[in-house]
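S.K.: Sharing a structure here in C-alpha cells format.
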Amino acid sequence: MADNNQEKKFATKLIHFGSEIDETTGASSVPIYQASTFHHHDIHNPPTHDYSRSGNPTRQALEDYITLLEGGVRGFAFASGMAAISTAFLLFSTGDHVIVTEDVYGGTYRLLTTVLNRLGIESTFVDMTNVEAVKAALQPNTKAVFIETPSNPTLKITDITTIAAWAKENELISLLDNTFMTPYHQRPIELGVDIVLHSATKFLGGHSDVLAGLAVVATESLGKRLKQLQNGLGTVLGAQESWLLMRGMKTLQARMEHSEKSARKLAEWLDSRSDITSVFYPGLKDHPGREIHEKQSKGYGAVVSFDVGDGDRAKAVLNRVTLPLVAVSLGAVESILSYPAMMSHAAMPREVRHERGITDGLLRYSVGLEDIDDLIADLDQALKG
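According to my numbering, the sequence shown is numbered sequentially starting from 643.
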C-alpha cells in the first residue's frame, strides 16, 4: 500500500492513505478505539497494542498518515503543537545548546526561555534569513537548529536546504515547524530536515475543533528516541482527537487552495493601501524571501500579516471587524484575525518583540473559506473606522 501511495499525487494520498477503510468491517472511516488497555490472548505473544499511552490503533493510523504526507519514516501524534515541540526539545540534555529562528512562535519562545533554560538547555535566537548569522551562532555544545519558515508572524523565509545541509555537516539535529505551509506546500524532510513539527490544531485540523500536535522523523534512530520520549512523557493525542484530525486532513488541499487564492488577493489589496505601514506575505513581489520560498514551497500559504501603524489603531480594527474571529490560532475554515502583541507573542517582552518586527500595530490575518470580497469589504470598513 505504501509503495503505491508513493506514486500517487498529494490529493489522492489525502484520501487513500492506507487506513481509510477498516479491514475488519469495511467501514469507510478509521474506527475510534476508545480503549485504555488491550487484552493479551496469549501471554507469550503480546498484542501490537497493550496500553493507549504507548500505542492506540486510531492514533497509529493518524501517525502513519502524517508520515506518508511528509515523506518521513515514522510519525507521532501529541496532545497539542506545543506538546510535540516540547517533546522534541527533550531530545537534548543539560549543557546542550540550540539555535532558533528569532521571530519564532511565542509559545516556543516561552518554552525555551522559561522552562528549558531551567533545565540547562541553552538557546540563541538568530535571524535565519541570514545564513552567516546562523553559522556564527554555532558553539561547541550546539546540538540542534530549530527553523520556523515562514516565521510567525512576520513571515520571514529561511533557506531550508542550506541550513539543513549545514546542520548535517556539523552533526546537528535540524527541526522545522511546518505549521504554516503543511506538507501540501512544503516537505522539509525531502529538503534534508531531520524532524518536522506541526501544530495540527491549525491547517491540518482546519475546523477550530481539535487540539493536536504532530512530528515526523527522517530516520529510524530518531524515531526510536522520540517514541521513548512520547511514551515516557505521556504527551499523546487521544483516540477521539486523532479521528477528528484525520477527518479534517482529508480536505487539506481543497481548503489550502481556496484560502491561499484569497490570501494573495488580500495581501495585494493591503499592499496597495497608503494607510498600511507594511504587509508581510511571501507571495508579494517585493517580499525579500520570495525567491527562496518559491524554491522550497509550492505555494505562499493563507496567512497575511500587516502593520496598521500603532497599537490603538490595531485594537480599533479588531473591535470593528464583523467576519473573522478575533482570536488566538489560525488555519481554520473561518478567517481568524489575531493580535500577536497580546495573543500569540504575549510571552515575549515588548522590547524583544519590537526587535523582531512584532510591533504593536501588527495584525495577523489567517484567511478562511469565506468569499474574499466580503472579507475585504469588512476589513475596509474596519480600517476606515
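Glycine is no exception: its CB is placed at the ideal position from the N, C-alpha and C atoms. The structure displayed is predicted, hence computed values, not measured ones.
If contact is defined by three or more beta carbon pairs under 8 Å, each pair taking one atom from either stretch, is the region 726 to 733 in contact with the region 959 to 976?
M.R.: These segments do not touch.
S.K.: Quick check: P673 and P792, are their CB atoms within less than 9 Å of each other?
M.R.: Counting from 1 along the sequence shown, the entry for residue 673 is found at position 31. Counting from 1 along the sequence shown, the entry for residue 792 is found at position 150. No.
S.K.: Tell me where the beta strand (DSSP E) around K785 begins and ends.
M.R.: Position 143 of the sequence shown, counted from the start, is the residue given in the question as residue 785. Run containing K785: 784 to 790, per the beta strand (DSSP E) assignment.
S.K.: Are at least three pairs of beta-carbons, each pair with one atom in the region 708 to 717 and one in the region 829 to 845, less than 8 Å apart?
M.R.: Yes: the two stretches touch, three or more of their Cβ pairs being nearer than 8 Å.
S.K.: What's the gap between the Cα of T654 and the Cα of G943?
M.R.: If you number the sequence shown from 1, residue 654 lands on position 12. If you number the sequence shown from 1, residue 943 lands on position 301. Near 20 Å, if we compare the C-alpha coordinates of G943 and T654.
S.K.: Spatial neighbours of F659 within its chain, please: C-beta separation below 6 Å, excluding the five flanking residues on both sides.
M.R.: Taking the first residue of the sequence shown as position 1, residue 659 is located at position 17. Closer than 6 Å at Cβ, skipping near neighbours: Y707, L710.
S.K.: Comparing C-alpha positions only, which one of E976, R932, S914, E774 sits nearest to F948?
M.R.: Taking the sequence shown and counting its residues from 1, the one referred to as residue 948 is at position 306. Selected option, being the one with the closest Cα: S914.
S.K.: Report the option in E976, S971, V773, L1005 whose CA atom is closest to the CA atom of V742.
M.R.: Within the sequence shown, numbered from 1, the residue matching residue 742 stands at position 100. It is V773.
S.K.: How should T666 be labelled, buried or exposed, when 16 other C-beta atoms within 10 angstroms of its C-beta is the threshold for buried?
M.R.: Working through the sequence shown from its first residue, we reach residue 666 at position 24. Exposed.
S.K.: Is there a Cβ from chain C that is less than 9 Å from the Cβ of T791?
M.R.: Any reference to chain C falls outside this structure, which holds one protein chain only.
S.K.: Taking Cβ to Cβ, would you say V878 is nearer than 9 Å to S678?
M.R.: Mapped onto the sequence shown, residue 878 falls at position 236. Mapped onto the sequence shown, residue 678 falls at position 36. No, they are not a contact pair.
S.K.: Rounded to the nearest angstrom, how far is the Cβ of I1018 from that of W911, given a contact under 8 Å?
M.R.: For the purposes of this step, residue 1018 is taken as the residue at position 376 of the sequence shown. For the purposes of this step, residue 911 is taken as the residue at position 269 of the sequence shown. Indeed they touch by this definition, with Cβ atoms about 6 Å apart.
S.K.: Give me the Cα-Cα distance between K651 and K903, rounded to the nearest whole angstrom.
M.R.: As a first step, residue 651 is located in the sequence shown; it is residue number 9 there, counting from the start. As a first step, residue 903 is located in the sequence shown; it is residue number 261 there, counting from the start. Approximately 21 Å between the Cα atoms of the pair.
S.K.: Looking at C-alpha atoms only, which residue of A896, R897, L926 is the closest neighbour of A909?
M.R.: For the purposes of this step, residue 909 is taken as the residue at position 267 of the sequence shown. Ranking the options by Cα distance to A909, first place goes to L926.
S.K.: With which residues is V742 paired in a DSSP beta bridge?
M.R.: Taking the first residue of the sequence shown as position 1, residue 742 is located at position 100. Paired residue(s): F767, F788.
S.K.: Quick check: what's the CA-CA separation for P930 versus L797?
M.R.: Mapped onto the sequence shown, residue 930 falls at position 288. Mapped onto the sequence shown, residue 797 falls at position 155. Spanning the two alpha carbons is a distance of roughly 10 Å.
S.K.: Output the residue ranges of the alpha helix (DSSP H) runs that lie fully inside the region 873 to 956 and measure 4 residues or longer, sorted by chain position.
M.R.: Whole alpha helix (DSSP H) segments, 4+ residues: 881 to 891, 894 to 913, 932 to 938.
S.K.: Alpha carbon to alpha carbon, how far is L814 from K844?
M.R.: Looking up residue 814 in the sequence shown gives position 172. Looking up residue 844 in the sequence shown gives position 202. Answer to the nearest angstrom: the Cα atoms are 28 Å apart.
S.K.: Any contact of the region 1007 to 1027 with the region 890 to 902, i.e. 3+ C-beta pairs under 8 Å?
M.R.: Because the criterion of three Cβ pairs below 8 Å is met, the region 1007 to 1027 and the region 890 to 902 touch.
S.K.: Report yes if the C-beta distance between G737 and E764 is below 9 Å; otherwise report no.
M.R.: Looking up residue 737 in the sequence shown gives position 95. Looking up residue 764 in the sequence shown gives position 122. Yes; because the gap between Cβ atoms is below 9 Å, this pair is in contact.
S.K.: For G748, which residues in the same chain have their Cβ closer than 7 Å to its Cβ, ignoring the five residues on either side in sequence?
M.R.: For the purposes of this step, residue 748 is taken as the residue at position 106 of the sequence shown. Hits under 7 Å: S986, H987, A988, A989, M990.
S.K.: Looking at the secondary structure, which residues open and close the alpha helix (DSSP H) in which L656 lies?
M.R.: The sequence position of residue 656 within the sequence shown is 14, counting from 1. Its alpha helix (DSSP H) spans residues 652 to 657.
S.K.: Determine the direct distance from the alpha carbon of G847 to that of R992, and round the result to whole angstroms.
M.R.: In the sequence shown, residue 992 corresponds to position 350, counting from 1. In the sequence shown, residue 847 corresponds to position 205, counting from 1. Straight-line Cα distance between these residues: approximately 31 Å.
S.K.: I'd like the list of long-range same chain contacts for E832, defined as Cβ closer than 6 Å, with 5 residues on each side in sequence excluded.
M.R.: Translated into positions along the sequence shown, residue 832 becomes position 190. Around E832: G713.
S.K.: Does the Cβ of T700 have 16 or more other Cβ atoms within 10 Å, making it buried, or fewer, making it exposed?
M.R.: If you number the sequence shown from 1, residue 700 lands on position 58. So T700 ends up on the buried side.
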